[in-house]
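Engineer: My structure is below; once you've seen it, I'll send some questions.
There are 2 protein chains.
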Amino acid sequence: MTEMHRWIAALALASPLIPATAQQVPDRVGQLRDAALDDQVAYAITEGLTTEIGPRLAGTEAEERARAWALRRLTAMGFSNVRNEPFPLKTWVRGEETAEILAPFPQPLRLTALGNSGATPARGIEGEVVYFASYDALLAAPDGSLKGKIAFVSHAMTRTQDGSQYGTYGVVRRAGPGVAAKKGAAAILIRSIGTDSHRNPHAGGTNFPEGVTAIPAAALSIPDAEQLERVIERGQPVRLKLTLTPRAIGTRQSGNVIAEVPGSDPAAGIVLVACHLDSWDLATGAFDDAAGCGIVTAAAKRIMDAGQPRRTIRILWAGAEEVGIFGGRAYFEKHKAERHVAAAESDFGADRVWRVDTSFAPAAKPVVDRLKAALLPLGIAAGSAPATGGADVSAVIAAGTPGIDLQQDGTRYFDLHHTPDDTLDKIDRVQMQQNVAAWTAMLAVVADAPEEIGMRNAAN
Amino acid sequence: MTEMHRWIAALALASPLIPATAQQVPDRVGQLRDAALDDQVAYAITEGLTTEIGPRLAGTEAEERARAWALRRLTAMGFSNVRNEPFPLKTWVRGEETAEILAPFPQPLRLTALGNSGATPARGIEGEVVYFASYDALLAAPDGSLKGKIAFVSHAMTRTQDGSQYGTYGVVRRAGPGVAAKKGAAAILIRSIGTDSHRNPHAGGTNFPEGVTAIPAAALSIPDAEQLERVIERGQPVRLKLTLTPRAIGTRQSGNVIAEVPGSDPAAGIVLVACHLDSWDLATGAFDDAAGCGIVTAAAKRIMDAGQPRRTIRILWAGAEEVGIFGGRAYFEKHKAERHVAAAESDFGADRVWRVDTSFAPAAKPVVDRLKAALLPLGIAAGSAPATGGADVSAVIAAGTPGIDLQQDGTRYFDLHHTPDDTLDKIDRVQMQQNVAAWTAMLAVVADAPEEIGMRNAAN
């Protein structure tokens, strides 16, 4: 990525020549931003958390070790008010997970249980496969038609830069198992919600409607899903054996780790920057979301080291995001009465920021203009969608706090998302540095803005 | 790959304009070659074998089903003398395989047992890790210094087009476990012999010297090997738990499946074209080596359908290649007295052929010249190394039969080799068609050559 480094550097150097908006960027903001292109802190945090903790499933002992690690690290970095805010969490853990085609062409398949999946008996279950090309096709199946069968639902998710197909196709995972259960299915398999071609299934949570008993639910790796489709296309009945033994282990502790850079003007409000500390259990969660914690924390440290900001910067390393945004909810319940003036989260990998979306009140236009101008030299242009935040700050933003979405390039995000492949080697350090520069510029503009920043109009 | 298709087509069309060598290509050869650029047969065989059989480890019931499938398919295609030539095989099968770092940073690791690995007790073993950066470093460890320890050997294999680093770095897998066993190690882990960054370990055989008891031996996926290196670099003692329960299941049957296109002149000798039918057990073996069987068989069928060739073309789908080239050896023992005039094997994936190496006697220069001329329009240039064959024909070639190596592009081969990721989706159909065109051209030239083709000078 030397090429990109040169390109970023060229853009940064060229910034004085960009007319109009660039002239609004205070020198200090530009200097902080450009210095961050050599950041080493974000990567060091990501490397440390993934190496010294590894996978950190919400509610487990591993997540607890991750919180202890985070408290030590944030304290050592010099942040203030470093603390854990615990909350209880109903915890689910993975068990055995195997599958094989019994007939007509015996062979193993690779899959992983979805979060909240029910369990088969330890000896497994056997059943005939009923294929659905989409979630809509599953919805159209007559009630009772799946009794005793194993539903298999595919989809057509493709690669996009903004990752927006996750919402559309993700319904197969989020809601498909509940639908299949209501129609009497013995179990459900889905094609992993992803865009890669590796034998690594994509984990992720599902939910069963109130009153519906959870059935075994798992995601096949994409090559395995395609293999099963080919077998089905041969036209003979297809029988599978499926063994999934996840289990609920009761209520455990999770927690939000918080650190602050106290502002000189407490009345000016809090700028909240977030990431999540937990990961799925199949990988060390480098992209999702150790990198996000590295990026926001490195940026906050740069602001802290440059002198006290006007507004308090609060760093939230949320717990239990993957399993249902429990950390984000707990944060909101505890802190909703405080005056947040902006909220943002980094939770989409570590590839470059390419777009910025905001949701400020009209009166804050000068702040937004300075923000856009400060980001433009990094190759970041303003988008037209309102910022809604990463998952852990979405409640804060929904309640009226202005949001800032520094949108990352998601072209390869769903190759890695929730798979065993989400490991440190996937981090592109130069792109990660561009992220730190963007977050540093954002904090420099927003935390120090002399203007008052008010709540959005609720109608926005 | 539409771009490449256009390029191949352009080269093919341009061939009448290429002076000197191209003028030597008989029209019939050029027509057969160019028609093969639309081949569908090689892919159909690859798709069928990988879908309807799946993984097919040597000596197992799956390899037996694969032989039955092969006999049916080759018979249905109209080949002659289709038969299985069985041979006995000491068979090894995989068991449980898990590993975890116990201290200082508890977390699971992904690995797979090497072929012929010894087993741990079912409850696993625990031991301290001793790191070696290379095979040479392992060799230099004092005798007895590994007593009760788990050796971990890394290496620096990189991506090359010709795949030649497999020989150099593959020694870590082939010989490392024997060395570690002799030095008293309780077990050995290696960094997978490969070039990818996925959590899919690379299987492959190892061997223990006569009189040395097999120890548990496994390959970590490359991201896991890098993770373990990072943990070790922290400087604290690293303890692992390792559970590997593979076992020898005694002598079973393997076999070579053979089919022929009988030649009009039996005295003119046999052209042997080979691939191997068995695969490692972690994947469906699309690249290694269903594709090779598809390519050589599709080419032979094209020659058969175009009219009886002068020389008999013999197709060998060898058994038990992966576990020690047992099929190739059995073939040689049974058929060494027959007159082979050329031998070639496709066993390096399905990406484009970019180079041809040969090892003919000097008197056959006109045949070799026509062969080179026929391949040049496909973007295949002559190399300078003598052909030594794929594994299953290497004994035939070593005994003096001329060899032809249609060298495939191996740039991504060791991303997939022996991993769970060696599946059908990795086949690039346009590049596979270029392979079929190359093999068709080769057979058209060699099987019909009016010249006599003699044995190589043994000194060659």
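Chains E and V are the protein sequences, given in the same order.
With the first letter of the first sequence counted as 1, position 409 gets the number 399 in the working numbering; the numbers rise by one all the way through.
With the first letter of the second sequence counted as 1, position 109 gets the number 99 in the working numbering; the numbers rise by one all the way through.
Don't be surprised by glycine CBs; every beta carbon is placed ideally from N, CA and C.
#1: Can you pull the chain E residues whose beta carbon is under 9 Å from the beta carbon of Pro410 (chain V), in chain order?
#2: Taking just the CA atoms, how far does Ile443 (chain E) sit from Ala351 (chain E)?
#3: Following the continuous alpha helix (DSSP H) through Leu92 (chain V), name the residue where it begins and the one where it ends.
#4: Looking at C-alpha atoms only, which residue of V:Ala215, V:Asp359, V:Lys80, V:Phe277 is the closest neighbour of Thr504 (chain V)?
#5: Taking the alpha-carbon of Glu219 (chain E) as reference, which of E:Ala52, E:Leu99, E:Val436 has the nearest alpha-carbon?
#6: I'd like the ranges of any beta strand (DSSP E) spanning at least 3 consecutive residues and lying wholly in the region 74 to 135 of chain E.
#7: For Val221 (chain V), which residues in chain E fall below 7 Å Cβ to Cβ?
#8: Looking at the secondary structure, which residues open and close the beta strand (DSSP E) in which Ile293 (chain V) lies?
#9: Applying the 10 Å Cβ sphere with the 16-neighbour rule, what's the burial state of Ser485 (chain E)?
#10: For Asp428 (chain E) and Ile370 (chain E), which I take to be in contact (beta-carbon distance under 8 Å), what is that distance rounded to the nearest angstrom?
#11: Helix, strand or coil for His325 (chain E) per DSSP?
#12: Quick one: complete alpha helix (DSSP H) runs, 4+ long, within the region 377 to 402 of chain V?
#13: Below 8 Å, how does it come out for the region 373 to 380 of chain V and the region 390 to 399 of chain V: are there three or more Cβ pairs, yes or no?
#14: State the CB to CB distance for the pair Ile305 (chain V) and Ala249 (chain V), rounded to an integer number of angstroms; the pair is presumed to be in contact (CB under 8 Å).
#15: If you scan the region 169 to 229 of chain E from start to end, which runs of the alpha helix (DSSP H) of 4 or more residues do you find wholly inside it?
#16: Can you name the residues of chain B whose CB is closer than 8 Å to the CB of Asp337 (chain E)?
#17: Is it the case that the Cβ atoms of Ala175 (chain E) and Leu230 (chain E) are separated by a distance below 7 Å?
#18: Evaluate Leu272 (chain V) with the Cβ neighbour count: other Cβ atoms within 10 Å of its Cβ, from every protein chain shown; 16 or more gives buried, anything less gives exposed.
#19: Using Cβ-Cβ distances below 9 Å, what residues of the region 44 to 60 of chain V are close to chain E?
#20: For Ala141 (chain V) versus Ser182 (chain V), is the C-beta spacing smaller than 7 Å?
#21: Suppose contacts are defined by Cβ-Cβ distances below 7 Å. Is Ile205 (chain V) in contact with Gly108 (chain V) by that definition?
#22: Take Gln298 (chain E) and list the residues in its own chain whose beta-carbon comes closer than 6 Å to its own, dropping the five residues that flank it on each side.
#23: Exposed or buried, which one is Gln13 (chain E) when buried takes at least 16 other CB atoms within 10 Å?
#24: With 16 as the cutoff for other CB atoms within 10 Å, does Ile91 (chain V) come out buried or exposed?
#25: Is any beta-carbon of chain V found at less than 7 Å from that of Asp341 (chain E)?
#26: State the DSSP-derived secondary structure class of Asp347 (chain V), mapped to helix, strand or coil.
#27: Tell me which residues share the same chain as Arg84 (chain E) and place their Cβ nearer than 7 Å to its Cβ, disregarding the 5 neighbours each side in the sequence.
#28: If you measure from the beta carbon of Asp279 (chain V) to each beta carbon in chain E, is any gap under 7 Å?
#29: For Thr409 (chain E), report the span of its alpha helix (DSSP H) as first-last.
#30: Would Asp399 (chain V) pass as a contact of Arg342 (chain V) if the rule is Cβ separation under 7 Å?
#31: Relative to the C-alpha of Gly380 (chain V), which candidate in V:His407, V:Leu414, V:Glu335 has its C-alpha closest?
#32: Can you give the Cα-Cα distance for Ala32 (chain E) and Leu27 (chain V), rounded to whole angstroms?
#33: Can you give the Cα-Cα distance for Gly382 (chain E) and Ala112 (chain E), rounded to whole angstroms?
#34: Note down, in chain order, every chain E residue with its Cβ under 8 Å from the Cβ of Gln454 (chain V).
#35: Going by CA-CA distance only, name the one from V:Gly138, V:His266, V:Ser349 that's closest to Arg46 (chain V).
#36: Can you give me the Cβ contacts of Val426 (chain V) inside the same chain, cut-off strictly under 6 Å, excluding the 5 residues immediately before and after it?
Structural biologist: Result, derived from the coordinates:
#1: Arg100, His188, Arg189, Asn190, Ser211, Pro213
#2: 8 Å
#3: Element bounds for Leu92 (chain V): not the alpha helix (DSSP H) but the beta strand (DSSP E), 87 to 93.
#4: Within the shown structure, residues of chain V are numbered from -9 to 450, placing residue 504 (chain V) beyond reach of any answer.
#5: E:Leu99
#6: 87 to 93, 97 to 99, 101 to 103, 115 to 122
#7: Thr41
#8: First-last for Ile293 (chain V): 281 to 295, but that is the alpha helix (DSSP H), not the beta strand (DSSP E).
#9: Coverage of chain E is limited to positions -9 through 450, which leaves residue 485 (chain E) absent and any answer about it impossible.
#10: Inspection of the sequence shows that residue 428 (chain E) is occupied by Ala rather than by Asp. With a Cβ gap of about 6 Å, Ala428 (chain E) and Ile370 (chain E) count as contacting.
#11: helix
#12: 384 to 388
#13: yes
#14: 5 Å
#15: 212 to 223
#16: Going by chain labels, chain B is absent from the structure shown, which instead holds the protein chains E and V.
#17: no
#18: buried
#19: Gly44, Pro45, Glu51, Ala52, Arg55
#20: no
#21: yes
#22: Ser254
#23: A caution first: Gln13 (chain E) carries a pLDDT of 46, below 50, which makes its placement in the model too unreliable to give a value.
#24: buried
#25: no
#26: strand
#27: Ala103, Pro236, Asp271
#28: no
#29: Note, Thr409 (chain E): premise wrong, no alpha helix (DSSP H); not H, not E.
#30: yes
#31: V:Glu335
#32: 50 Å
#33: According to the sequence as given, residue 382 (chain E) is Asp; it is not Gly. Rounded to the nearest angstrom, the two C-alpha atoms are 36 Å apart.
#34: As shown, chain V starts at -9 and ends at 450. That puts residue 454 (chain V) outside it, with no answer to give.
#35: V:His266
#36: Ala26, Asp29, Ala32, Ile285, Ala288, Ala289
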